[in-house]
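Asks: Quick one: structure below, then a few questions.
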Amino acid sequence: MKSPTTLIPIEGMRCAGCAGTIEKKIALVLGVEWVSVNFATKKALVRGDVALKDLCKAIESAGYKPVLDKVRSPELEKAQLKRQKLEAALAMLFSFPVFVLSMGHVEGEWSGWVQFGFTIPVLILGRSFFVGGWKNFKHQTATMDSLVALGTGSAFIYSAAGCFFKFPHLYFESAAVVLSLVLLGRILEEIAKRRSSNALMELMTVSPQTVVLISKGGKFTATSEVSLSQLKEGDLFLVRPGEIIATDGRVIEGISSVEESKLTGESAPKEKIVGSVVFGGTLNQNGRLVVEATALGEETRLSKLIQLVEEAQGSKTKIQRLADKISAVFVPSVLLVAVITFLSWSFTGHSWIEALIPSISVLVIACPCALGLATPTALITGIGRAAELGILIRDARSLEASHKIDVILLDKTGTLTEGTPRVVDSYYCPTGKKELGLIALIENQASHPLARAISQYAKTFQIAESNSYKVENFQNVSGLGCSGKVDGKDVYVGSRQWVESQGINTVVDWLPHAEIEKIKREGKSRVWASVDNHLTCVLIIQDELRPEAKKAISDLQREAKVKIVSGDNSDAVQRVAQELGITEWLAEVTPSQKAEEVKRLKAQGLQVAMVGEGVNDGPALALADVSFTLGSGTDLAKEVASVTLLHGDLRQVSQSLKISHQVMRVIKQNLFSAFFYNTFSIPIAAFGLLNPMVAGLAMALSSLSVVLNSLRLKAIIRDKDL
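For the sequence shown, the working numbering assigns the number 40 to the initial residue and increments by one for each residue that follows.
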């Protein structure tokens with residue numbers, strides 16, 4: 040059984056170093072199997088059977104604050120951003136006089152004291168860096184806060200002492216302006232990061248907070264508007280035309296069209312009648328509905344979708360974990376470089392005051408924010424954009440693996456075909472049609488698509504299932520057929536070989552065997568049925584190709600080698616393969632054999648993708664490097680698949696692969712620019728060629744450039760371009 044996952048928002052993270060520190064603490068908690076702390080989303084994703092309070096203690100022991108309230112309020116987040124903007128604006132305002140007096144080289148004792156006075160409010164506004172730096176010191180770690188606090192704090196302490204002891208040069212601007220620029224950079228990053236997760240924010244704000252209540256606890260009440268939190272399962276509520284449906288439920292009264300694009304990505308409205316299932320967050324268009332609440336809060340489909348997207352955005356790729364490891368040792372390394380810079384300047388004839396400035400520049404410019412943002416911002420944007428297109432990517436590992444697939448295996452029934460086979464022809468003995476009702480009763484006990492096709496076919500002849508007949512001794516022989524006793528008669532329905540094995544003669548004069556052989560070569564399925572020990576009929580069943588299948592396969596063949604693995608008969612699989620231009624295929628394979636084929640290909644060093652939608656595809660889906668299932672797939676397939684295609688459109692497999700290529704390309708661009716920036720700028724700062732103010736601005740702009748490059752994915756990943 041898969042261990043539960045826990046998602047915990049965390050306050051106080053400012054860089055990838057913070058995330059690394061928290062990860063190490065959580066990993067030490069007994070029961071934790073895997074942990075990923077994401078700097079960009081400010082969340083910890085933990086897998087393992089472990090108490091929430093123990094995880095919170097670990098986070099607090101690292102010097103950070105877990106946010107236990109799982110309800111994220113967009114209004115609260117907007118208020119927090121507004122406060123941060125105000126703080127940054129005030130810091131810039133107070134820094135301006137300091138900058139003018141310093142850069143204008145205004146002489147006089149009064150100038151130093153004025154700069155001192157205006158720098159104090161900036162330090163207060165930027166106090167979070169000093170608080171964070173002190174926490175890091177207590178926990179023997181080092182992050183961006185450590186660098187900023189040491190750099191600006193050193194400049195301020197030196198300059199404050201200079202006011203008292205009348206030093207010739209003061210560096211208040213290195214404290215005030217750098218802090219202001221860092222605060223401004225953080226705001227710009229936050230705005231850009233929020234833009235990257237717009238799809239998720241839209242999902243979170245879509246459900247109404249009130250509902251029109253009709254029935255409470257099974258008793259009808261006067262219609263009244265109440266808070267959604269007061270609604271209970273089984274209560275009835277009213278949904279008027281043009282309103283958002285408050286929660287998941289079942290229609291009790293009314294007819295309407297409901298637009299479900301927020302959940303499925305499909306723009307076409309769905310007709311809803313009495314008995315239909317509706318989902319919270321979807322739009323009721325033109326009719327009045329009375330709905331019985333069946334799921335509330337975190338149990339609704341919308342909440343589960345949000346949780347899946349959040350978990351995917353919070354997970355990490357191998358390339359990001361490498362970047363995080365580098366970031367974890369980067370800050371201590373920078374501190375060492377700053378010390379070496381100070382000592383080098385001091386021992387080459389410069390005063391300790393002259394040695395201090397390049398050391399401060401090294402500390403300020405080396406903040407690894409860009410490195411920490413390089414991967415997660417691209418993942419957030421890419422996964423969010425994919426969700427908008429109806430492609431639900433389960434985790435970052437799946438997205439990373441998708442860009443280097445070598446072989447794509449596809450199931451046939453329900454994946455390449457529509458999954459709704461129908462009877463296209465039939466051959467009967469003289470009494471065959473009279474006995475079709477008995478055959479339909481047996482088939483109603485089975486869940487196989489062919490059985491459903493026969494049941495539906497019987498209904499077209501208005502052959503009702505008689506309540507007076509009871510099915511006894513029903514047996515379902517996997518891959519062969521079904522049997523049972525109806526009205527005292529033995530009924531067998533299945534393959535020719537299986538029916539013959541029951542002692543039934545299939546060579547009869549009313550059956551044109553030459554025609555049956557032709558049908559076999561065409562790849563159509565044949566179901567043989569006997570009643571009371573004589574062959575009753577042969578039903579010809581065909582499952583049509585999906586209309587988008589040819590285009591989808593053509594696109595996939597440009598990405599990787601494509602192969603069909605199906606449990607259907609060889610003729611049917613061969614026909615589909617020929618129609619789609621697929622040269623490699625396996626037929627009549629069991630679920631375990633599908634899984635073995637995945638293992639065989641992986642053993643050759645190939646990256647394998649599996650596309651399927653049935654229970655029998657589950658083992659292969661679980662073993663593949665990346666697995667895809669359609670939105671119409673079984674619950675088991677959706678549970679184990681890496682990617683769920685909500686539209687049920689096979690072309691989305693290729694779209695998903697292209698999204699992966701685009702996201703990985705942007706990640707590599709981001710990492711290159713982040714590494715290049717730090718590698719290039721630190722030596723310049725160490726040699727005294729970079730003023731601390733310019734260093735602070737460059738640090739903020741480097742982080743912003745990485746986030747903006749990630750946001751390009753919104754324009755790159757367009758539905759029409761994929």
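We treat Cβ as the ideally placed atom computed from N, Cα and C, and that holds for glycine. Just so it is clear, the structure is predicted and the values come from calculations on it, not from any experiment.
1. Beta-carbon within less than 6 Å of residue 474's beta-carbon, same chain only, minus the 5 sequence neighbours each way: which residues are those?
2. For residue 585, which option in 594, 93, 689 has the closest C-alpha, if you only look at C-alpha atoms?
3. Using a Cβ-Cβ cut-off of 8 Å (strictly less than) and excluding sequence neighbours within five positions of residue 751, which residues of its own chain qualify?
4. Per DSSP, residue 50 is paired with what?
5. When you compare only the Cα positions, how much space is there between residue 84 and residue 532?
6. Can you tell me which of the three DSSP states residue 549 falls into?
7. Measure from the alpha carbon of residue 216 to the alpha carbon of each residue in 190, 203, 118, 206, then state which is nearest.
8. Would you say residue 401 and residue 370 are within 8 Å of each other, going by their C-beta atoms?
9. Can we say the segment 443-456 touches the segment 639-655, given the rule of at least three CB pairs closer than 8 Å?
10. Return the residue from the list 74, 75, 68 that minimises the CA-CA distance to residue 92.
11. Expressed to the nearest angstrom, what Euclidean distance is found between the alpha-carbon atoms of residue 220 and residue 158?
12. Is residue 248 helix, strand or coil by DSSP?
13. Determine the extent of the beta strand (DSSP E) in which residue 648 is found, giving its start and end residues.
14. From the DSSP output, read off the bridge partner residues of residue 453.
15. Considering only residues of the segment 600-670, which uninterrupted alpha helix (DSSP H) runs meet the minimum length of 4 residues and lie entirely inside it, listed in chain order?
16. With H, G and I counted as helix, E and B as strand and the rest as coil, what does DSSP make of residue 44?
17. Looking at the strands, I want to know which residues DSSP matches up with residue 389.
18. Taking the C-alpha atoms as reference points, what is the distance between residue 154 and residue 103?
19. Mind checking whether residue 418 and residue 702 have CB atoms under 8 Å apart?
20. Can you check whether the CB of residue 681 is closer than 8 Å to the CB of residue 692?
21. Quick check: residue 192 and residue 169, are their CB atoms within less than 8 Å of each other?
22. Can you find the residues in the same chain that come closer than 7 Å, C-beta to C-beta, to residue 699, ignoring five residues on each side of it along the sequence?
23. Rounded to whole angstroms, what is the Cα-Cα separation between residue 59 and residue 458?
24. Does residue 291 come out as helix, strand or coil in the three-state DSSP assignment?
25. For residue 397, count neighbouring C-beta atoms within 10 Å of its own C-beta (all shown protein chains included) and say buried if the count is 16 or more, exposed if not.
26. Within 10 angstroms of its Cβ, does residue 451 collect 16 or more other Cβ (buried), or is it exposed?
27. Take residue 629 as the anchor and find which of 619, 658, 720, 614 has the nearest alpha-carbon.
28. Let me check one thing: in DSSP terms, what residues is residue 521 bridge-paired to?
29. On the DSSP bridge list, what partners appear for residue 581?
30. Use the C-beta contact count for residue 460: other C-beta atoms within 10 angstroms, 16 or more gives buried, fewer gives exposed.
31. Take every Cβ of the segment 539-556, pair it with every Cβ of the segment 586-602, and state whether three or more of those distances are shorter than 8 Å.
32. Quick one, are the C-beta atoms of residue 560 and residue 610 less than 8 Å apart?
33. Among residues of its own chain, excluding the 5 on either side of residue 511, which ones have a beta-carbon nearer than 8 Å to its beta-carbon?
34. Around the C-beta of residue 730, are 16 or more other C-beta atoms found within 10 angstroms, so that it is buried, or is it exposed?
35. Given 8 Å as the limit, is there contact between the segment 266-283 and the segment 313-329, that is, 3 or more CB pairs closer than that?
Replies: From the atom records:
1. Indexing the sequence shown from 1 puts residue 474 at position 435. Excluding residues within five positions, the ones whose Cβ falls inside 6 Å are 570, 575.
2. As a position in the sequence shown, residue 585 is number 546, starting the count at 1. Residue 689 is the option with its Cα nearest to residue 585.
3. The residue labelled residue 751 in the question sits at position 712 within the sequence shown. Closer than 8 Å at the Cβ level, and outside the excluded window around residue 751, lie 705.
4. To locate residue 50, count along the sequence shown from 1; it is residue 11. Its beta-bridge partners are 104.
5. Numbered from its first residue, the sequence shown carries residue 84 at position 45. Numbered from its first residue, the sequence shown carries residue 532 at position 493. Between residue 84 and residue 532, the C-alpha separation is close to 50 Å.
6. Against the sequence shown, residue 549 aligns to sequence position 510. In this structure, residue 549 counts as coil in the three-state DSSP scheme.
7. By one-based count along the sequence shown, residue 216 stands at place 177. When only C-alpha atoms are compared, the closest one is 190.
8. The sequence position of residue 401 within the sequence shown is 362, counting from 1. The sequence position of residue 370 within the sequence shown is 331, counting from 1. Remark: C-beta atoms of residue 401 and residue 370 do not approach each other more closely than 8 Å.
9. With the cut-off at 8 Å, the segment 443-456 and the segment 639-655 touch.
10. Counting from one through the sequence shown, the residue named residue 92 turns up at place 53. For the set 74, 75, 68, the Cα lying nearest the Cα of residue 92 is the one of 68.
11. Translated into the one-based positions of the sequence shown, residue 220 becomes position 181. Translated into the one-based positions of the sequence shown, residue 158 becomes position 119. Residue 220 and residue 158: Cα-Cα distance of roughly 14 Å.
12. By 1-based counting over the sequence shown, the position of residue 248 is 209. Residue state, collapsed to three classes: coil.
13. The count along the sequence shown starts at 1 and reaches residue 648 at position 609. Counted as a single uninterrupted DSSP element, the beta strand (DSSP E) harbouring residue 648 occupies residues 647-650.
14. As a position in the sequence shown, residue 453 is number 414, starting the count at 1. In the DSSP assignment, no residue is bridged to residue 453.
15. Restricting attention to alpha helix (DSSP H) runs no shorter than 4 residues, the segment 600-670 encloses them at 609-619, 630-642, 657-662, ordered along the chain.
16. Stepping through the sequence shown from its first residue, residue 44 is reached at position 5. Strand at residue 44.
17. Here residue 389 is taken as the residue at index 350 of the sequence shown, counted from 1. Note: residue 389 sits in no beta bridge, so no partner.
18. Looking up residue 154 in the sequence shown gives position 115. Looking up residue 103 in the sequence shown gives position 64. Take the alpha-carbon of residue 154 and the one of residue 103: they are about 33 Å apart.
19. Stepping through the sequence shown from its first residue, residue 418 is reached at position 379. Stepping through the sequence shown from its first residue, residue 702 is reached at position 663. Residue 418 places its beta carbon less than 8 Å from that of residue 702.
20. What you label residue 692 is simply residue 653 of the sequence shown in a count that begins at 1. What you label residue 681 is simply residue 642 of the sequence shown in a count that begins at 1. No, the Cβ-Cβ distance between residue 692 and residue 681 is not below 8 Å.
21. As a first step, residue 192 must be located in the sequence shown, where it is residue number 153. As a first step, residue 169 must be located in the sequence shown, where it is residue number 130. Yes; because the gap between Cβ atoms is below 8 Å, this pair is in contact.
22. Residue numbering aside, residue 699 sits at position 660 when the sequence shown is read from its first letter. So the qualifying residues of the chain are 438, 441, 442.
23. Within the sequence shown, residue 59 is the residue found at index 20, counting from 1. Within the sequence shown, residue 458 is the residue found at index 419, counting from 1. Going from the Cα of residue 59 to the Cα of residue 458 covers about 47 Å.
24. Counting from one through the sequence shown, the residue named residue 291 turns up at place 252. Correct three-state label for residue 291: strand.
25. Counted from its first residue, the sequence shown places residue 397 at position 358. Taking a 10 Å sphere around the C-beta of residue 397, we find 16 or more other C-beta atoms and assign the residue as buried.
26. Against the sequence shown, residue 451 aligns to sequence position 412. Result: buried.
27. Indexing the sequence shown from 1 puts residue 629 at position 590. Comparing Cα-Cα distances from residue 629 to each of 619, 658, 720, 614, the minimum goes to 658.
28. Residue numbering aside, residue 521 sits at position 482 when the sequence shown is read from its first letter. The secondary-structure analysis by DSSP pairs residue 521 across a beta bridge with 515, 532.
29. For the purposes of this step, residue 581 is taken as the residue at position 542 of the sequence shown. 461, per the DSSP bridge assignment.
30. Taking the sequence shown and counting its residues from 1, the one referred to as residue 460 is at position 421. Label assigned to residue 460: buried.
31. The answer is no - the segment 586-602 does not touch the segment 539-556, with fewer than three Cβ pairs under 8 Å.
32. Here residue 560 refers to the residue found at position 521 when the sequence shown is read from its first residue. Here residue 610 refers to the residue found at position 571 when the sequence shown is read from its first residue. In this structure, residue 610 lies closer than 8 Å to residue 560 by Cβ.
33. Residue 511 sits at position 472 when you count from the first residue of the sequence shown. Only 523, 524, 525 meet the Cβ criterion.
34. Here residue 730 corresponds to residue number 691 of the sequence shown, with the count starting at 1. By the 10 Å Cβ count, residue 730 comes out buried.
35. Contact holds between the segment 266-283 and the segment 313-329, because three or more Cβ pairs, one in each stretch, are under 8 Å apart.
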